[in-house]
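K.L.:
Read left to right, the sequence shown gives residues 1 to 249 (full-length UniProt numbering).
We put the beta carbon where it would ideally sit given N, CA and C, even for glycine.
Computed from a predicted structure; not experimentally measured.
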Amino acid sequence: MTNNLLFKFLKYLLAHHPEEFGLIPDNNGFFKIKEIFQVLIFTKKYNKIKLQTLKQLFSYYYKDFFEVSENFTLVKPKIVYYSPPQKIKISQIYYCNILWTYVKPKIWHKVSLEGLWKPYNSFIPLFTNKELAQNWAKVKGSMLLAVFPKLISSETNLFSFGEKIFLADKINYEALKGPPIDQKFIRKYGPKTEIPSKPSQIIPFKDTTNKIETEKEKLPYRKITHGKKKEKPWKKYQKEKAKKKKLLK
Numbered sequence: 001m002t003n004n005l006l007f008k009f010l011k012y013l014l015a016h017h018p019e020e021f022g023l024i025p026d027n028n029g030f031f032k033i034k035e036i037f038q039v040l041i042f043t044k045k046y047n048k049i050k051l052q053t054l055k056q057l058f059s060y061y062y063k064d065f066f067e068v069s070e071n072f073t074l075v076k077p078k079i080v081y082y083s084p085p086q087k088i089k090i091s092q093i094y095y096c097n098i099l100w101t102y103v104k105p106k107i108w109h110k111v112s113l114e115g116l117w118k119p120y121n122s123f124i125p126l127f128t129n130k131e132l133a134q135n136w137a138k139v140k141g142s143m144l145l146a147v148f149p150k151l152i153s154s155e156t157n158l159f160s161f162g163e164k165i166f167l168a169d170k171i172n173y174e175a176l177k178g179p180p181i182d183q184k185f186i187r188k189y190g191p192k193t194e195i196p197s198k199p200s201q202i203i204p205f206k207d208t209t210n211k212i213e214t215e216k217e218k219l220p221y222r223k224i225t226h227g228k229k230k231e232k233p234w235k236k237y238q239k240e241k242a243k244k245k246k247l248l249k
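Okay, structure coming up:
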């Protein structure tokens with residue numbers, strides 16, 4: 001089950017240089033195991049390994065070197081060698097003519113309307129390497145965006161993480177360039193408008209029980225004969241007379 005080469009790669013990835021592969025730790029130093037799995041896919045390193053197997057490796061076989069969250073979704077190395085993100089001035093990234101990031105189509109549409117991209121409780125990764133940004137966009141089902149550092153608002157808080165990644169808490173729409181948001185884009189990714197329902201062509205059932213009972217009450221009283229007709233007197237007399245004749249014979 002264990003693989004020494006895989007263990008060495010994971011240790012290098014998480015404990016030494018996560019920024020080389022676009023991995024960003026949270027405030028507690030944890031990484032998402034699903035994102036580590038995605039790195040294995042786009043780097044084509046051990047891309048045949050399954051996500052569940054990777055979780056088992058971290059929680060059991062490599063437990064002396066990694067700490068796993070209770071729900072088995074997060075992991076962090078017990079000994080860290082990389083430097084945490086450092087806050088910098090925006091002018092410190094002006095040497096980059098262009099940076100790259102990725103975004104979900106629906107969020108891109110929302111940003112175009114609101115004029116600001118500000119994710120909740122997370123940072124926007126800005127990559128100096130376009131290929132690395134493309135890899136993440138692909139595995140996350142997102143679109144690639146170009147970012148122009150000199151157009152980023154001065155109110156943005158910026159951090160550097162290694163040499164390949166910058167982290168921004170928000171970015172104004174003017175500093176971003178992505179796919180055009182035309183009618184085709186809006187139809188595909190915009191909010192779905194509810195189609196008003198057409199009135200039903202089926203005539204609803206009406207309870208006619210009360211109406212029938214009312215009509216019955218209006219009818220004149222007559223004796224219920226259950227289908228038998230009332231015998232007329234003259235006919236009854238003839239039948240009795242015929243019986244007497246038979247008895248006399």
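1. Can you give me the start and stop residues for the alpha helix (DSSP H) that F7 sits inside?
2. Would DSSP call F185 helix, strand or coil?
3. Starting from E67, follow its DSSP beta bridges and name the residues at the other end.
4. Sort E67, F72, K48, P149 by Cα distance to K55 and report the nearest one.
5. Enumerate in chain order the residues of its own chain whose CB-to-CB distance from T156 is below 8 Å, with the five nearest sequence positions on each side excluded.
6. If you check the beta carbons only, do V80 and G29 fall under 8 Å apart?
7. Looking only at C-alpha atoms, which of Y102, F185, Q238, H16 sits nearest to A146?
8. From L158 to K104, what distance separates their C-alpha atoms?
9. Shorter than 7 Å, the distance from the beta carbon of F148 to the closest heavy atom of the ligand NAD, or not?
10. Would a C-beta distance cut-off of 8 Å place F7 and V139 closer than the cut-off?
11. Using the C-alpha atoms, what's the distance from F58 back to F161?
12. Taking a contact to mean a Cβ-Cβ separation below 8 Å, would you say I165 touches G22 in this structure?
13. Give the single residue among K48, E240, Q183 whose Cα lies nearest to the Cα of H109.
14. If the criterion is Cβ atoms closer than 8 Å, does the pair F66 and K78 meet it?
15. Please report the straight-line C-alpha distance between Y12 and P18, rounded to a whole angstrom.
16. Note down, one range per segment and in chain order, each alpha helix (DSSP H) of at least 4 residues found wholly within the segment 131–184.
17. Beta-carbon within less than 7 Å of C96's beta-carbon, same chain only, minus the 5 sequence neighbours each way: which residues are those?
18. Buried or exposed: which applies to P84, given that a residue is buried once 16 or more other Cβ atoms fall within 10 Å of its Cβ?
19. Tell me which residue opens and which closes the beta strand (DSSP E) that T101 is part of.
20. Closest to I186 by CA distance: which of K50, E163, S112, Q38 is it?
21. Buried or exposed for Q38, going by 16 or more other Cβ atoms inside 10 Å?
22. Check I24 in the structure and name its three-state DSSP category.
23. Which one of I107, S142, Y46, K177 has the shortest CA to CA distance from residue 253?
24. When you compare the CB positions of F31 and L10, do they come within less than 8 Å of one another, or not?
25. So is Y120 buried or exposed if we call it buried at 16+ other beta carbons inside 10 Å?
26. Does P125 come out as helix, strand or coil in the three-state DSSP assignment?
P.N.:
In brief:
1. What you label residue 7 is simply residue 7 of the sequence shown in a count that begins at 1. Residues 4–11.
2. For the purposes of this step, residue 185 is identified with residue 185 of the sequence shown, where counting begins at 1. Of the three classes helix, strand and coil, the one that applies to F185 here is helix, per DSSP.
3. Position 67 of the sequence shown, counted from the first residue, corresponds to residue 67. Answer by DSSP bridge pairing, in chain order: K76.
4. The residue given as residue 55 occupies position 55 in the sequence shown. Considering only alpha carbons, the answer is F72.
5. Residue numbering aside, residue 156 sits at position 156 when the sequence shown is read from its first letter. So the list reads I90, A168, D169, K170, I171, N172, once near-sequence residues are dropped.
6. Residue 80 sits at position 80 when you count from the first residue of the sequence shown. Residue 29 sits at position 29 when you count from the first residue of the sequence shown. Cβ atoms of V80 and G29: closer than 8 Å.
7. The residue given as residue 146 occupies position 146 in the sequence shown. If we check each option's Cα against that of A146, Y102 comes out closest.
8. Taking the sequence shown and counting its residues from 1, one reaches residue 158 at position 158. Taking the sequence shown and counting its residues from 1, one reaches residue 104 at position 104. Rounded to the nearest angstrom, the two C-alpha atoms are 21 Å apart.
9. The model on display carries no ligand, and the ligand NAD is accordingly not part of it.
10. Reading the sequence shown from its first residue, position 7 is the one you call residue 7. Reading the sequence shown from its first residue, position 139 is the one you call residue 139. Going by C-beta atoms, F7 is not nearer than 8 Å to V139.
11. Here residue 161 refers to the residue found at position 161 of the sequence shown. Here residue 58 refers to the residue found at position 58 of the sequence shown. Near 24 Å, if we compare the C-alpha coordinates of F58 and F161.
12. What you label residue 165 is simply residue 165 of the sequence shown in a count that begins at 1. What you label residue 22 is simply residue 22 of the sequence shown in a count that begins at 1. For I165 and G22, yes; Cβs fall inside 8 Å.
13. As a first step, residue 109 must be located in the sequence shown, where it is residue number 109. Nearest option by C-alpha distance: Q183.
14. Position 66 of the sequence shown holds residue 66. Position 78 of the sequence shown holds residue 78. The answer is yes: Cβ separation under 8 Å.
15. Taking the sequence shown and counting its residues from 1, one reaches residue 12 at position 12. Taking the sequence shown and counting its residues from 1, one reaches residue 18 at position 18. Their backbone Cα atoms lie some 8 Å apart in a straight line.
16. none
17. Here residue 96 refers to the residue found at position 96 of the sequence shown. Closer than 7 Å at the Cβ level, and outside the excluded window around C96, lie T128, P149.
18. Taking the first residue of the sequence shown as position 1, residue 84 is located at position 84. With fewer than 16 Cβ atoms within 10 Å of its Cβ, P84 is classed as exposed.
19. Here residue 101 refers to the residue found at position 101 of the sequence shown. Element bounds for T101: 99–103.
20. Within the sequence shown, numbered from 1, the residue matching residue 186 stands at position 186. Out of K50, E163, S112, Q38, S112 has the C-alpha closest to the C-alpha of I186.
21. Walking along the sequence shown from the start, residue 38 turns up at place 38. Classification of Q38: buried, given that the 10 Å Cβ count is 16 or more.
22. Stepping through the sequence shown from its first residue, residue 24 is reached at position 24. Here I24 sits in coil by DSSP.
23. Residue 253 lies beyond the range of the chain shown here (1 to 249); nothing can be said about it.
24. On the sequence shown, residue 31 is found 31 positions in, with the first residue counted as 1. On the sequence shown, residue 10 is found 10 positions in, with the first residue counted as 1. No.
25. Your numbering for residue 120 matches position 120 in the sequence shown. Answer is exposed; the Cβ neighbour count stays below 16.
26. As a working mapping, residue 125 is identified with position 125 in the sequence shown. Strand, per DSSP.
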